Amino acid sequence: MKTLVLAADGSRARQFIHWNVHNFEQIGSWDNPQGRRLPGETNTDKDGTFGGNAYETEVDAQRHAQQLFAKELVADIKLKEKDFDRVVIAAPPKFLGELRNHLTPAIQQKLSTLTRDCAQLKPDEIHQRLMEAETVTL
Numbered sequence: 446m447k448t449l450v451l452a453a454d455g456s457r458a459r460q461f462i463h464w465n466v467h468n469f470e471q472i473g474s475w476d477n478p479q480g481r482r483l484p485g486e487t488n489t490d491k492d493g494t495f496g497g498n499a500y501e502t503e504v505d506a507q508r509h510a511q512q513l514f515a516k517e518l519v520a521d522i523k524l525k526e527k528d529f530d531r532v533v534i535a536a537p538p539k540f541l542g543e544l545r546n547h548l549t550p551a552i553q554q555k556l557s558t559l560t561r562d563c564a565q566l567k568p569d570e571i572h573q574r575l576m577e578a579e580t581v582t583l
């Protein structure tokens, strides 16, 4: 069974193909530096005031960057999903929700999820976590 795996968070993502226990290969990666900026690091057009809405604007800019990133990742899955029997997404809960907002019914039918942040792990560690959670099979 050929499985497309996406390990992502709001600032980075990696995509893999899983055929069996011995074949887990990275086929893509993305970086979204805007998604990891902390409040105060984001460029805004507001004065640097203490209080008011400046903080909310910066957080909203980061969230917006993550939403756009989720949309970009799902667009790539849409291009490839016909070539795969299953799709697995490993992501922290909040970002998984952003990804789900853009999934088509066809992808959702093939979808398994792991609600964990695996994006920064080594490929063999990601593979192991997916095997332990039984989201990918032999």
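Residue numbers for the sequence shown, in the numbering used here: 446 to 583. Ideal placement from N, C-alpha and C gives every residue a C-beta, glycine not left out. Since the model is a prediction, treat every value here as computed from it, not as a measurement.
By the criterion of a C-beta distance shorter than 8 Å, Gln471 is surrounded in its chain by Arg459, Gln460, Phe461, Pro568, once the five residues flanking it on both sides are discounted. Rounded to the nearest angstrom, the Cβ distance from Ala536 to Asp562 is 7 Å, consistent with a contact under 8 Å. Under the criterion of beta carbons closer than 8 Å, Asp530 and Lys555 qualify as touching, at roughly 7 Å. Residue range 457–465 is occupied by the beta strand (DSSP E) that includes Phe461. Judged by DSSP in its simplified three-state form, Arg481 adopts helix. Counting only residues of its own chain and dropping the five nearest sequence neighbours on each side, Glu543 has a CB closer than 7 Å to the CB of Gln511, Gln512, Ala515. Here Ala564 really is in contact with Arg457; their C-beta atoms are around 5 Å apart, less than 8 Å. Annotation: Ala578 is outside any beta strand (DSSP E) and is labelled neither H nor E by DSSP. Rounded to the nearest angstrom, the Cβ distance from Leu449 to Val581 is 10 Å, too far for a contact under 8 Å. Approximately 20 Å separates the beta-carbon atoms of Leu566 and Ile522; this is outside 8 Å, ruling out the contact.
Around the C-beta of Asp476, fewer than 16 other C-beta atoms lie within 10 Å, and the residue is accordingly described as exposed. For Phe469, the enclosing beta strand (DSSP E) starts and ends at 468–476.
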